[in-house]
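What follows is one structure encoded as C-alpha cells, with my remarks underneath.
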Amino acid sequence: MQPYEMTANQLKQAIKTRELSCVDVVNSFIDRICGADKHINAYLTTCFEAAMNNAKMHDDITVKGEDMNNYLAGIPYSLKDNIITKDIKTTASSKILENFVPPYSAHVYENLTSSGAILLGKVDMDEFAMGSTCENSSFGTVKNPYDLSRVPGGSSGGSAAAVAAGMCAFSIGSDTGGSVRNPASYCNLTALKPTYGTVSRYGLIAYASSLDQIGPVCRDIEDVALVMNVISGKDERDSTSTASPHKDYTSYLTEDIKGMKIGIDMNLIETGLDKEVRRIYLETINKFKELGCEIVDLSFDMQKYAVPVYYLVACSEASSNLARFDGIRYGTRHTAPTVEETIRLSRTNGFGKEVKNRIMLGTYALSAGYYDKYYSQALKVRRLISEDYNNALSECDLYLCPTNPDPAYKIGEKNDDPMSLYLADIFTVTANLTGTPAASFPAGFTSDGLPVGMQLSAMSQREDLIIKAIYSFQKNTSYHTVRPEI
Ligand code: GLN
36 MQPYEMTANQ LKQAIKTREL SCVDVVNSFI DRICGADKHI NAYLTTCFEA
86 AMNNAKMHDD ITVKGEDMNN YLAGIPYSLK DNIITKDIKT TASSKILENF
136 VPPYSAHVYE NLTSSGAILL GKVDMDEFAM GSTCENSSFG TVKNPYDLSR
186 VPGGSSGGSA AAVAAGMCAF SIGSDTGGSV RNPASYCNLT ALKPTYGTVS
236 RYGLIAYASS LDQIGPVCRD IEDVALVMNV ISGKDERDST STASPHKDYT
286 SYLTEDIKGM KIGIDMNLIE TGLDKEVRRI YLETINKFKE LGCEIVDLSF
336 DMQKYAVPVY YLVACSEASS NLARFDGIRY GTRHTAPTVE ETIRLSRTNG
386 FGKEVKNRIM LGTYALSAGY YDKYYSQALK VRRLISEDYN NALSECDLYL
436 CPTNPDPAYK IGEKNDDPMS LYLADIFTVT ANLTGTPAAS FPAGFTSDGL
486 PVGMQLSAMS QREDLIIKAI YSFQKNTSYH TVRPEI
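Using the working numbering, read the sequence shown as starting at 36 and increasing by one per residue.
Structure, rendered in C-alpha cells:
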C-alpha cells in the first residue's frame, strides 16, 4: 500500500515505528496530487515547499526522539478555503477574495500546526459555503472521484474529493446545513458535524454564525476521533466556544453498542427518497439490529419545517455577515468615482449568482415590515423544531436516516432547479438548527457504484454515542475501505 492510500491512523503508526519518514509520506501525497488533481480539480492553492520543509523538520525532531507528543506529526491534510491561513491565500471560492492573503490564522489551523499535521493546501468549495454540489465555486468544478461526470457534493466538496482520491489523509470542512456530511456521503467518507461550540469558529469565514460548525472529513471514524482530539476545545476568541472539559474522542472507539436504541422514521422515507438510498437505509437498519441495537419508531412532526426555517435563518445571517465585503477594507476592489459606487461595483463583480440570491433573500427577510413575518417567525419555529427533536431523542440514543435523499448528481443536472437542491437538505439541516452532533458514514453503493452515506445524530454533547455506533458498524462492514479507481 502506498502512503497516500493509508488512513491517518495507519500513517501515524507507520511514522511512529519509523517504517515511513514524514518526508516519504508527504512526497507520496504530493505525487498523488500532481497525478490525480488534474482530473479532480480539488486544490485551489498548494503549499508543497512549506509542507516538505515541515516534513523534514518533523523527521529531524523524531530522530532526536522528541516528537512523540506531536499527535499528528507528519500527517498531510487540506483545509477548506474558508478557513483563514496566515500568509496563505484564502478565497472562500469567491472572486471578491480572489487575492486575499490573511494576516492571521484560524484556531483549527493553529491547533493542527502545533500537533504536527502538515498542510498540503486549500481546497475548493461552494462560494462562501452556499451550496450542496461545489458547482457554486468561482474557480471551476470539482469532480467526484467515483464518477468524474458527477458532483462531489458540497459545500466542502473539495475536501471530500481530495480525501477520497488520496490527495490528503484528511480535510477540515465547515458545516452550516450539512456541508461536511453531504460530500462525505457522495464520496464514501466519514464526517462529523460536532455539537455547536465544540470547535472554535475563530478564523472561519462566516456564512451563518448560529449554524456554522467546523468538522473533520475523513476515511473512517477512527480518523475522525483522532482529528477531533486536536481541533476541539475551548477558545476565548470565539464567544460561543463551549467550556466543556476536554474530551478524548478516541476513548469512544469501542464496540459496546448492544442494547443501544436507534430511532428511525419510516414516514420520512416514504416520500421522495431514491430507490437505492431506501434499500441501503433498510440494510443499515438491519445491520444495526444484527449488532444488537434496538430499533425504535420515531416521528418528527416539525421536520417538514426544517428546510424553510433553515434557509430563512441562513440567508438572513449571511446577508449580515457578508456586508463586510465591500472592496474597501479587504478583497478585490473595483474603483469608481464615489465610495458608494465602488462598494456597489465591487460587490456586483465580486459575488456570484447564488451568493447574490441569498443576500437578497436574507435582506428581504430582515427588512422592516417583513422581519416579524419571516425572520422572527423562523426563529420561533426553530425553537419548536429543537423541542420536537429533543422529545423524539429522549426515547432513544441515536437517530438514523439517510444523509441525502439521492446519490451524487450529474454535474449540471440541477442547474435549472435550485429549489430541489434546497429541499435535498432535509436530513442534514436539523442538526444545525438544533446545534446537535451528526455524522455521515459509508453504508453501501448503488448498482452504478456510487457511494451512499447514512447519518447518525444524537442529543447535544453525545458524540460518544455516534462514534461508538459508527465504529461498530465499520468493524463489521467494509464499505469505508473501498477506494475509487482513479
Ligand atoms: N446546502 C446547504 C446550503 O446551501 C448547506 C451548506 C453548508 O452547510 N455550508 O446552505
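For each residue, glycine too, the CB sits at the ideal point set by N, CA and C.
Can you tell me whether residue i sits near the ligand GLN, meaning its C-beta is under 7 Å from at least one heavy atom of the ligand?
| i | result |
| --- | --- |
| residue 295 | no |
| residue 349 | yes |
| residue 116 | no |
| residue 200 | no |
| residue 210 | yes |
| residue 478 | no |
| residue 460 | yes |
| residue 113 | no |
| residue 395 | no |
| residue 166 | yes |
| residue 268 | no |
| residue 250 | no |
| residue 242 | yes |
| residue 128 | no |
| residue 206 | no |
| residue 214 | yes |
| residue 355 | no |
| residue 513 | no |
| residue 220 | no |
| residue 245 | no |
Could you pull the DSSP bridge partners for residue i from this structure?
| i | result |
| --- | --- |
| residue 158 | 78, 115 |
| residue 474 | 227, 491 |
| residue 37 | According to DSSP, which records beta bridges pairwise, residue 37 is partnered with nothing at all. |
| residue 185 | 445 |
| residue 207 | 114, 251 |
| residue 120 | 123 |
| residue 332 | 299 |
| residue 462 | Paired residues: none, contrary to the question. |
| residue 436 | 490 |
| residue 179 | 182 |
| residue 479 | 487 |
| residue 153 | 111 |
Tell me, to the nearest whole angstrom, how far the beta carbon of residue i is from that of residue j; I am working on the premise that it is less than 8 Å.
| i | j | result |
| --- | --- | --- |
| residue 435 | residue 320 | 7 Å |
| residue 465 | residue 438 | In fact, because the Cβ distance is near 12 Å, the residues do not count as touching under 8 Å. |
| residue 43 | residue 258 | 4 Å |
| residue 78 | residue 65 | Wrong, their Cβ atoms sit about 11 Å apart, outside the cutoff. |
| residue 225 | residue 254 | 7 Å |
| residue 333 | residue 299 | 7 Å |
| residue 506 | residue 416 | About 35 Å separates the two Cβ atoms, so there is no contact after all. |
| residue 60 | residue 38 | 5 Å |
| residue 221 | residue 459 | Not really, about 11 Å apart at Cβ, beyond 8 Å. |
| residue 331 | residue 430 | 6 Å |
| residue 522 | residue 432 | An answer regarding residue 522 cannot be provided, because it is not within the stretch 36 to 521 covered by the chain. |
| residue 516 | residue 322 | Not confirmed; about 16 Å, so no contact. |
For residue i, I'd like the list of residues in its chain whose CB is within less than 7 Å of its CB, leaving aside the five on either flank, ordered along the chain.
| i | result |
| --- | --- |
| residue 398 | 354 |
| residue 191 | 115, 160, 208, 209, 214, 215, 218, 252 |
| residue 370 | 377 |
| residue 122 | 136 |
| residue 126 | 79, 116, 132, 133, 135 |
| residue 497 | 472 |
| residue 184 | 445, 446 |
| residue 270 | 142, 235, 237, 276 |
Can you tell me where the alpha helix (DSSP H) with residue i in it begins and where it stops?
| i | result |
| --- | --- |
| residue 304 | 301-305 |
| residue 193 | 192-199 |
| residue 323 | 310-325 |
| residue 375 | 374-385 |
| residue 389 | 388-401 |
| residue 259 | 256-266 |
| residue 352 | 341-356 |
| residue 148 | 142-149 |
| residue 237 | Careful: residue 237 lies outside any alpha helix (DSSP H) and carries neither H nor E. |
| residue 498 | 498-510 |
| residue 171 | Neither: residue 171 is in no alpha helix (DSSP H) and is coded neither H nor E. |
| residue 218 | 216-221 |
| residue 44 | 43-51 |
| residue 424 | 411-428 |
Excluding the 5 residues flanking residue i on each side, which residues of the same chain have their C-beta closer than 6 Å to its C-beta?
| i | result |
| --- | --- |
| residue 425 | none |
| residue 173 | 128, 129, 130, 162, 387 |
| residue 308 | 440 |
| residue 385 | 130, 131, 367 |
| residue 231 | 248, 470 |
Take residue i and list the residues in its own chain whose beta-carbon comes closer than 8 Å to its own, dropping the five residues that flank it on each side.
| i | result |
| --- | --- |
| residue 447 | 170 |
| residue 368 | 362, 377, 381 |
| residue 484 | 181, 182 |
| residue 372 | none |
| residue 285 | 257, 260, 261, 264 |
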